[in-house]
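Enquirer:
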Amino acid sequence: MKTMKRLSWLLLALIANTSFGQKKQPNIIFIFSDDHAYQTISAYGSTLAQTPNIDRIARQGTLFKNALVTNSICGPSRATLLTGKYSHVNGYTLNEKKFNVGQQLFPKLLQQNGYQTAWIGKWHLGNLPEGFDFWRILNNQGQYYNPDFISPTDTTKVEGYVTNIITQFSVDWLNHRDTSKPFFLVVGEKATHREWLPDLQDLGAYDNKTFPLPPTFRDDYKNRTAAQNQDMTIDKTMRLKEDLKVHANYEKGIYGRFTPEQKKVYQAYYEDKISKEFDEKKLSGDALVEWKYQRYLKDYLSTARSLDRNIGALLDYLDKNGLADNTIVIYASDQGFYMGEHGWFDKRFMYEESLRTPFIIKYPGVTKPGSTVNQLMLNIDWAPTILQIAGVKVPADIQGASFLPLLQPNTDKVSWRKAAYYHYYEFPEPHHVYPHFGVRTEQYTLIRFYGAGDSWELYDLKKDPHQVNNIYGNKGTEQITANLKATLKKLILQYKDEEALKILESR
Ligand code: CA
192 MKTMKRLSWL LLALIANTSF GQKKQPNIIF IFSDDHAYQT ISAYGSTLAQ
242 TPNIDRIARQ GTLFKNALVT NSICGPSRAT LLTGKYSHVN GYTLNEKKFN
292 VGQQLFPKLL QQNGYQTAWI GKWHLGNLPE GFDFWRILNN QGQYYNPDFI
342 SPTDTTKVEG YVTNIITQFS VDWLNHRDTS KPFFLVVGEK ATHREWLPDL
392 QDLGAYDNKT FPLPPTFRDD YKNRTAAQNQ DMTIDKTMRL KEDLKVHANY
442 EKGIYGRFTP EQKKVYQAYY EDKISKEFDE KKLSGDALVE WKYQRYLKDY
492 LSTARSLDRN IGALLDYLDK NGLADNTIVI YASDQGFYMG EHGWFDKRFM
542 YEESLRTPFI IKYPGVTKPG STVNQLMLNI DWAPTILQIA GVKVPADIQG
592 ASFLPLLQPN TDKVSWRKAA YYHYYEFPEP HHVYPHFGVR TEQYTLIRFY
642 GAGDSWELYD LKKDPHQVNN IYGNKGTEQI TANLKATLKK LILQYKDEEA
692 LKILESR
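Residue numbering for the sequence shown follows this note's numbering, starting at 192 and increasing by one per position.
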């Protein structure tokens, strides 16, 4: 089996280096945003907002329609990017842990193979980076305004808006890099994370727009124990003051960092306009929830507007500096996000909105402009793909597989996984989503919630794309359930998830 795997790697490496006409060791920029939902990206068909610069990458590259994460929260997704391994193997299952940076991280292998590496922006792994020649990271979650940046020597408060600063630092580093080496740069964005503070110039950008309610906005969570018990609704969990800036406290917390000028502009918008409108309307019940939904989308999309504009600035930089032809640009989010589907914001669940994440790659000379891939690609595949692109041997303990074969014109002939494994852990805080693991195939999702929320769910994605009809245990599903359970067990064994195996075999 191991020899087979090695052989196929050799073949893949051969393909990548010959028939793709790849230049030796291209530069790689990985733009990694936070909580950016594919439902809000126009390249993914969204009509909520336009994202012209992300679309630019898609127009020149390949868009993955079924890029899935293996544990849908921030830190664990970053740990998986760095290791190409599931959370239970790289040790970072929850946001509040300290990531073991001493383990094998693929940027260390890039360094050993002639690359210079940099991570700029949000890191959020409880420890300082290893494997990067240059790093400047946000403190923990980071702040939208005048954020603290940690470098190997100090922590400095930098005046300005976080997305603009991250772009500026990235460009500064690109300008001063060692041009004799290829580079790998991670641009770690804070946007579009809660509490969605837009840049001053984007305040009110969507005020003339009324967003349609998603079909599952008033979901009753029937036959779904975990959905009934979560704490992530726009109705009950989203806070008027802290999240939606209605009569915010401008003296402390995130606003305590503002300059007087920034505060003035914010108050003119959120206090004099939005809070005033809120007071006058005296909303309650459904009308209040819908108002919150509209405000949530407006703030979120305004934050994404700056993100997209800054991506445009990075692409322009590559164009202007003659780097575009030999630089791979990847745009991805750390996971998906709910934009009111099921009445929610946040992520965590193994349902489509948070399981799938945007992933677009522009690989000059390799990706067919405007192409798409439907296969199940996982975030454990990112590390081995980048290693293969760089011509570095992929260590056998990496659990993902390079997706380069999927960039070929005819992917039907490529042998690829037909089922994806997922495992989420963080419970009960925040948002009270029961831990669960499961399997997703082209047509079905089977989920096992465990602990206090012990239950199974089964969805037919063809008949029920919004996942409101849990058919687990229904007559006629016996065979498909047995097949999916067998696949689930096979994946658990393959990825060596002993905790899940114990739970699966306990009854
Ligand atoms: Ca995130």
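Yeah, the Cβ is synthetic: ideal placement off N, Cα and C, and Gly gets one too.
#1: Leaving out the 5 sequence neighbours to the left and right, which residues in its chain are closer than 6 Å to Lys454 when beta-carbon positions are compared?
#2: Hey, Gln658 and Tyr529 are a contact pair by Cβ (cut 8 Å); roughly how many whole angstroms apart?
#3: Mapping DSSP to helix, strand and coil, what is Asn218?
#4: Reducing DSSP to helix, strand and coil, say where Trp607 ends up.
#5: Kindly list the residues whose CB is nearer than 8 Å to the CB of Thr558, restricted to its own chain and excluding five residues on each side of it in sequence; keep chain order.
#6: Any contact of the segment 612 to 626 with the segment 253 to 266, i.e. 3+ C-beta pairs under 8 Å?
#7: Report the rounded CA-to-CA distance for Thr672 versus Arg547, giving the unit in angstroms.
#8: Along the alpha helix (DSSP H) that carries Gly476, what are the first and last residues, could you check?
#9: Leaving out five residues on either side along the sequence, give the residues of the same chain with a beta carbon under 7 Å from the beta carbon of Ala439.
#10: Let me check understanding here. Comparing Cα to Cα, which of Leu301, Asn304, Gln302, Gly333 lies closest to Lys313?
#11: Going by DSSP, which residues form a beta bridge with Tyr336?
#12: How far does the alpha helix (DSSP H) with Leu684 in it extend, from its first residue to its last?
#13: I'd like to confirm the pairing. Which residues does DSSP put opposite Asp655 in its beta bridges?
#14: Closest by CA to Ser371, which one among Trp326, Asn218, Arg631?
#15: Would you identify the three-state DSSP class for Ile328, choosing helix, strand or coil?
#16: According to DSSP, Met568 sits in a beta bridge with which residue or residues?
#17: Distance, Cα to Cα, Ile694 vs Lys604?
#18: Can you confirm whether the segment 626 to 635 touches the segment 643 to 653 when touching is taken to mean that 3 or more C-beta pairs between the two stretches lie within less than 8 Å?
#19: Relative to the C-alpha of Asn330, which residue among Gly322, Asp324, Phe323, Ile341 is closest?
#20: Which first and last residues belong to the beta strand (DSSP E) in which Leu637 is found?
#21: Mind listing which residues have their beta carbon within less than 5 Å of any non-hydrogen atom of ligand 1? Chain order is fine.
#22: Nearest-angstrom Cα distance between Leu492 and Lys666?
#23: Measuring only the C-alpha atoms, how far is Gln213 from Phe550?
#24: Quick check: Ile580 and Thr271, are their CB atoms within less than 8 Å of each other?
#25: Where does Asn244 land, buried or exposed, given buried means 16+ other C-beta within 10 angstroms?
#26: For the segment 495 to 510 against the segment 353 to 362, are there 3 or more C-beta pairs whose distance is under 8 Å?
#27: For the beta strand (DSSP E) that contains Arg700, what are its first and last residues?
#28: Determine whether the beta carbon atoms of Val377 and Gln590 lie at a separation below 8 Å.
#29: Kindly indicate which three-state DSSP category Ser224 falls into: helix, strand or coil?
#30: Using CA coordinates, which residue listed in Gly351, Lys538, Val480 is at the minimum distance from Arg448?
#31: On the CB-based measure, 16 or more other CB atoms within 10 Å of its CB, does Lys687 come out buried or exposed?
#32: Quickly, what does DSSP pair Val280 with across the bridge? List them, please.
#33: Could you pull out every residue in the same chain whose Cβ sits closer than 6 Å to the Cβ of Asp188, ignoring the five residues on either side in sequence?
#34: Only counting the same chain, and skipping five residues up and downstream in sequence, which positions put a Cβ closer than 6 Å to that of Gln302?
#35: Would you report the Cα separation of Gln295 and Tyr306, rounded to the nearest angstrom?
#36: Classify Asn661: buried if its beta carbon has 16 or more other beta carbons within 10 angstroms, exposed otherwise.
Expert: Once the coordinates are examined:
#1: For the purposes of this step, residue 454 is taken as the residue at position 263 of the sequence shown. Result list for Lys454: Tyr441, in chain order.
#2: Position 467 of the sequence shown, counting from 1, holds the residue named residue 658. Position 338 of the sequence shown, counting from 1, holds the residue named residue 529. So it is not a contact: roughly 12 Å between Cβ atoms.
#3: As a working note, residue 218 is residue 27 in the sequence shown. Here Asn218 sits in strand by DSSP.
#4: Residue mapping note: residue 607 aligns to position 416 of the sequence shown, counting from 1. Coil.
#5: Sequence index remark: in the sequence shown, residue 558 carries index 367 (1-based). Excluding sequence neighbours, Thr558 sits near Gln251, Gly252, Thr253, Ile552, Leu598.
#6: Yes: the two stretches touch, three or more of their Cβ pairs being nearer than 8 Å.
#7: Here residue 672 refers to the residue found at position 481 when the sequence shown is read from its first residue. Here residue 547 refers to the residue found at position 356 when the sequence shown is read from its first residue. Using only the alpha carbons, I get a separation of about 22 Å.
#8: Here residue 476 is taken as the residue at index 285 of the sequence shown, counted from 1. Its alpha helix (DSSP H) spans residues 476 to 511.
#9: Start at 1 with the first residue of the sequence shown, and residue 439 comes out as number 248. Closer than 7 Å at the Cβ level, and outside the excluded window around Ala439, lie Lys432, Tyr446, Tyr461.
#10: Sequence index remark: in the sequence shown, residue 313 carries index 122 (1-based). Minimum Cα distance to Lys313 is reached at Gly333.
#11: Here residue 336 refers to the residue found at position 145 of the sequence shown. Tyr336 pairs with Tyr352.
#12: Translated into positions along the sequence shown, residue 684 becomes position 493. Element bounds for Leu684: 669 to 685.
#13: Indexing the sequence shown from 1 puts residue 655 at position 464. Paired residues: none, contrary to the question.
#14: Sequence index remark: in the sequence shown, residue 371 carries index 180 (1-based). It is Asn218 whose Cα lies nearest to the Cα of Ser371.
#15: Within the sequence shown, the letter at position 137 stands for residue 328. Looking at Ile328 - three-state DSSP - the assignment turns out to be strand.
#16: As a first step, residue 568 is located in the sequence shown; it is residue number 377 there, counting from the start. The partner list for Met568 (beta bridge, DSSP) reads Ala258.
#17: Along the sequence shown, one-based indexing puts residue 694 at 503. Along the sequence shown, one-based indexing puts residue 604 at 413. Computed Cα separation, rounded: 36 Å.
#18: At 8 Å Cβ cutoff, the stretches touch.
#19: Taking the sequence shown and counting its residues from 1, one reaches residue 330 at position 139. Among Gly322, Asp324, Phe323, Ile341, the Cα nearest to that of Asn330 belongs to Ile341.
#20: Taking the sequence shown and counting its residues from 1, the one referred to as residue 637 is at position 446. Unbroken beta strand (DSSP E) run through Leu637: 635 to 640.
#21: Cβ-based neighbours of ligand 1 within the cut-off: Asp225, Asp226, Cys265, Asp525.
#22: For the purposes of this step, residue 492 is identified with residue 301 of the sequence shown, where counting begins at 1. For the purposes of this step, residue 666 is identified with residue 475 of the sequence shown, where counting begins at 1. Roughly 43 Å between the two C-alpha positions.
#23: As a working mapping, residue 213 is identified with position 22 in the sequence shown. As a working mapping, residue 550 is identified with position 359 in the sequence shown. Residue confidence for Gln213 is low, a pLDDT of 44 falling below 50, so the modelled location carries little weight and cannot support an answer.
#24: Here residue 580 corresponds to residue number 389 of the sequence shown, with the count starting at 1. Here residue 271 corresponds to residue number 80 of the sequence shown, with the count starting at 1. Contact: no.
#25: Locating residue 244 in the sequence shown gives position 53, where the first residue counts as 1. Buried.
#26: yes
#27: In the structure as shown, the chain begins at 192 and stops at 698. Residue 700 is therefore absent and cannot be evaluated.
#28: For this step, residue 377 is matched to residue 186 along the sequence shown. For this step, residue 590 is matched to residue 399 along the sequence shown. Their beta carbons are not under 8 Å apart, which means Val377 does not touch Gln590 by this criterion.
#29: What you label residue 224 is simply residue 33 of the sequence shown in a count that begins at 1. DSSP places Ser224 in strand when its eight states are reduced to three.
#30: Within the sequence shown, the letter at position 257 stands for residue 448. Of the candidates Gly351, Lys538, Val480, the one whose C-alpha sits nearest the C-alpha of Arg448 is Gly351.
#31: Locating residue 687 in the sequence shown gives position 496, counting from the first residue. So Lys687 counts as exposed.
#32: Residue 280 sits at position 89 when you count from the first residue of the sequence shown. Val280 is not bridged to any residue.
#33: This structure gives no information on residue 188, because the portion of the chain shown stretches from 192 to 698.
#34: Working through the sequence shown from its first residue, we reach residue 302 at position 111. Excluding residues within five positions, the ones whose Cβ falls inside 6 Å are Thr308.
#35: Taking the sequence shown and counting its residues from 1, one reaches residue 295 at position 104. Taking the sequence shown and counting its residues from 1, one reaches residue 306 at position 115. Taking the straight line joining both Cα atoms gives about 16 Å.
#36: Taking the sequence shown and counting its residues from 1, the one referred to as residue 661 is at position 470. That one is buried.
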